[in-house]
Amino acid sequence: MSLKVENFFKLKENKTTVATEAMAGLTTFFTMVYILAVNPQILSAAGMDPGGLFTATAIICIVGTAMMALLAKYPYAIAPGMGLNAFFAFVVADIVGWQTALFLLLIQGILFMILALARFREAIFEAIPRNMKLSIGVGVGLFITHIGFQNAGFIVSNPGTLVGLGDMHSLTVLLFLIGCVAMVILLKLGFKSGIFLGMALVYVLGLLAQLIGLYIPGVHGYSLIPSGVVSLPPSIASVSLVTNWQEVNFIGVSVFTVVSLILVLLFVEAIDTVGTLIGVSERAGFLDREGKLPRVGAALFSDASTTALGAVVGTSTSTTYIESATGIQAGGRTGLTSLFTAGFFILAIFFWPIFAVIPAFATAPALVIVGLYMTSMVTKIDFEDFSEAFPAFLVIIVMTLAFSVSDGMIFGVLSYVLLKIFLGKAKEVSWVMYLLAVVFVLKLMFPY
Numbered sequence: 013m014s015l016k017v018e019n020f021f022k023l024k025e026n027k028t029t030v031a032t033e034a035m036a037g038l039t040t041f042f043t044m045v046y047i048l049a050v051n052p053q054i055l056s057a058a059g060m061d062p063g064g065l066f067t068a069t070a071i072i073c074i075v076g077t078a079m080m081a082l083l084a085k086y087p088y089a090i091a092p093g094m095g096l097n098a099f100f101a102f103v104v105a106d107i108v109g110w111q112t113a114l115f116l117l118l119i120q121g122i123l124f125m126i127l128a129l130a131r132f133r134e135a136i137f138e139a140i141p142r143n144m145k146l147s148i149g150v151g152v153g154l155f156i157t158h159i160g161f162q163n164a165g166f167i168v169s170n171p172g173t174l175v176g177l178g179d180m181h182s183l184t185v186l187l188f189l190i191g192c193v194a195m196v197i198l199l200k201l202g203f204k205s206g207i208f209l210g211m212a213l214v215y216v217l218g219l220l221a222q223l224i225g226l227y228i229p230g231v232h233g234y235s236l237i238p239s240g241v242v243s244l245p246p247s248i249a250s251v252s253l254v255t256n257w258q259e260v261n262f263i264g265v266s267v268f269t270v271v272s273l274i275l276v277l278l279f280v281e282a283i284d285t286v287g288t289l290i291g292v293s294e295r296a297g298f299l300d301r302e303g304k305l306p307r308v309g310a311a312l313f314s315d316a317s318t319t320a321l322g323a324v325v326g327t328s329t330s331t332t333y334i335e336s337a338t339g340i341q342a343g344g345r346t347g348l349t350s351l352f353t354a355g356f357f358i359l360a361i362f363f364w365p366i367f368a369v370i371p372a373f374a375t376a377p378a379l380v381i382v383g384l385y386m387t388s389m390v391t392k393i394d395f396e397d398f399s400e401a402f403p404a405f406l407v408i409i410v411m412t413l414a415f416s417v418s419d420g421m422i423f424g425v426l427s428y429v430l431l432k433i434f435l436g437k438a439k440e441v442s443w444v445m446y447l448l449a450v451v452f453v454l455k456l457m458f459p460y
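As structure tokens, then:
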């Protein structure tokens with residue numbers, strides 16, 4: 013069996029081992045397991061059952077990540093996308109109801125699969141200039157860091173400056189900072205599992221703090237002591253499109269609204285997925301000399317088909333997860349990492365009482381460290397040529413400040429195309445970039 017695994021994933025060729033891939037898969041799992049709690053919270057705002065949403069979310073994490081492992085053989089995980097779930101719940105479902113929103117999502121997922129098979133998304137991936145790919149990687153790194161800071165309470169919303177420092181006297185912020193320092197030290201000492209070990213250390217410290225009374229549930233967060241060990245997952249019948257199809261209706265909804273919602277869903281997922289793949293792949297060294305990602309078509313198809321399945325089982329748009337970068341940093345190099353991640357999600361369904369107590373301040377340091385590694389790519393960007401530097405700068409700054417991978421890419425592409433045209437270098441721009449520019453302009457003009 014081990015020989016078959018070696019031959020299928022080419023472990024020696026990728027200079028990795030089963031043990032390393034397992035630890036990387038576990039690291040990725042722990043940095044994204046929060047989605048099992050957060051996704052149901054967000055989608056329940058649309059009137060969906062949180063219990064069913066938990067199981068539906070887990071199913072998508074398992075199936076999508078396993079598909080990525082077996083088809084594309086990359087160490088990437090797939091799950092319902094943050095931001096995409098909020099758009100589904102607060103925009104699409106608010107307009108047409110969550111049952112009809114799932115139906116529209118199914119149509120969008122099928123269209124996405126067709127575009128993936130037709131290599132359209134692959135053409136988008138390959139048409140983006142290398143300088144912009146690098147800037148997307150940097151932007152994604154800062155984006156990840158922002159998420160980590162927020163999750164830990166290190167930065168909070170501020171009426172005067174939009175964001176500001178959180179309470180530096182908070183125990184959870186202190187534990188977060190300890191986690192960051194511990195991970196840096198462990199990685200510097202050569203521990204590939206330094207990220208995972210750092211997370212485990214912070215959790216143990218938090219648990220000890222609760223036992224001696226320093227960490228108070230309800231004040232610092234939820235209890236870090238598991239309420240149980242094993243529990244059966246809730247049924248998805250309450251949220252599945254299969255059992256709720258009779259509630260789908262378009263009464264009072266215009267054709268323009270339906271078409272525009274499908275196109276926006278399609279657009280946002282495409283840009284989110286492509287942007288994440290570029291950023292993570294660049295940092296992992298998976299891109300070739302021409303900036304192309306081998307087997308990108310399989311990676312994109314895995315993402316597209318998972319979105320279609322998500323609509324059937326009852327959850328929002330799925331996408332390749334930025335948090336996959338934590339597993340890569342822990343040494344993951346093949347699809348075996350993703351296969352292990354999928355396996356851990358299977359366990360999570362039945363052992364959720366244990367996994368549910370891993371706090372955000374324990375996983376947040378991992379996101380910050382990965383952000384550090386990804387932003388280091390900024391040294392490779394050509395800042396001498398302003399026609400290349402300005403679009404790259406917009407990608408990074410808009411992605412970070414607007415807190416959106418999609419928006420960063422939009423303004424990066426538009427500025428790149430316009431600058432090349434005005435400088436008489438229109439022939440250097442591929443037709444795909446021109447098409448993207450047109451689509452992006454329409455997106456800005458008609459957001460819904």
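Residues 13 to 460 (our numbering) make up the sequence shown, in order.
No residue lacks a Cβ here, since even glycine has one placed at the ideal position from N, Cα and C.
None of the values given here were measured: they were computed from a predicted structure.
Opposite residue i in the DSSP bridges: which residues?
{"i": "A91", "result": "T331"}
{"i": "G59", "result": "Looking at the DSSP assignment, G59 forms no beta bridge with any residue, so it has no partner."}
{"i": "P229", "result": "G233"}
Could you pull the start and end residues of the alpha helix (DSSP H) that residue i belongs to?
{"i": "L38", "result": "V30 to M44"}
{"i": "V424", "result": "Checking the sequence, you will find Gly at residue 424 rather than Val. Run containing G424: V417 to F434, per the alpha helix (DSSP H) assignment."}
{"i": "V108", "result": "A105 to V108"}
{"i": "V265", "result": "Unbroken run through V265: none, as it is neither H nor E."}
{"i": "W443", "result": "W443 to M457"}
{"i": "L253", "result": "L253 to N256"}
{"i": "A98", "result": "L96 to F99"}
Buried or exposed: which applies to residue i, given that a residue is buried once 16 or more other Cβ atoms fall within 10 Å of its Cβ?
{"i": "S239", "result": "exposed"}
{"i": "R301", "result": "exposed"}
{"i": "Q258", "result": "exposed"}
{"i": "S461", "result": "As displayed, the chain neither begins before 13 nor continues past 460, which places residue 461 out of reach and without an answer."}
{"i": "Q341", "result": "buried"}
{"i": "L454", "result": "exposed"}
{"i": "W443", "result": "exposed"}
{"i": "Y234", "result": "exposed"}
{"i": "E25", "result": "exposed"}
{"i": "S418", "result": "buried"}
{"i": "P229", "result": "exposed"}
{"i": "F405", "result": "buried"}
{"i": "A31", "result": "exposed"}
{"i": "I90", "result": "buried"}
{"i": "F395", "result": "exposed"}
{"i": "F21", "result": "buried"}
{"i": "I72", "result": "buried"}
{"i": "V216", "result": "exposed"}
{"i": "K432", "result": "buried"}
{"i": "T285", "result": "buried"}
{"i": "D61", "result": "buried"}
{"i": "F155", "result": "buried"}
{"i": "S416", "result": "buried"}
{"i": "N19", "result": "exposed"}
{"i": "N261", "result": "exposed"}
{"i": "T391", "result": "exposed"}
{"i": "D315", "result": "buried"}
Examine chain C for any beta-carbon lying closer than 8 Å to the beta-carbon of residue i, and answer yes or no.
{"i": "K439", "result": "Reference to chain C is not applicable here, since this structure consists of a single protein chain."}
query: Counting only runs that start and end within the segment 284–337, where is the alpha helix (DSSP H) found for 4 or more residues in a row?
result: 308–325
- request: Return the chain-ordered ranges of every beta strand (DSSP E) run that is complete within the segment 165–212 and spans a minimum of 3 residues.
  value: 167–170 and 174–177
field: Sequence ranges, alpha helix (DSSP H) only - wholly within the segment 336–413, length at least 4
entry: 336–341, 347–362, 364–367, 372–387 and 398–413
query: Would you say the segment 142–153 touches the segment 161–179, given that touching needs at least three Cβ pairs under 8 Å?
result: no
At least 3 beta-carbon pairs within less than 8 Å: the segment 72–82 vs the segment 372–386: no
message: Check whether the segment 348–367 and the segment 105–112 are in contact - that is, three or more C-beta pairs closer than 8 Å.
response: no
- prompt: If you pair each beta-carbon of the segment 327–346 with each one of the segment 32–46, do three or more pairs fall below 8 Å?
  reply: yes
The segment 250–265 / the segment 375–389 touching (three or more Cβ pairs under 8 Å): no
- request: Assess, as a yes-or-no matter, whether the segment 39–58 is touched by the segment 328–338 under the definition of 3 or more beta carbon pairs within less than 8 Å.
  value: yes
query: Below 8 Å, can you find three or more Cβ-Cβ pairs linking the segment 270–290 to the segment 42–52?
result: no
- prompt: Looking at C-beta atoms only, is the number of pairs between the segment 354–364 and the segment 386–402 that lie closer than 8 Å three or more?
  reply: no
message: So, does the segment 306–314 touch the segment 114–131, judging by three or more C-beta pairs under 8 Å?
response: yes
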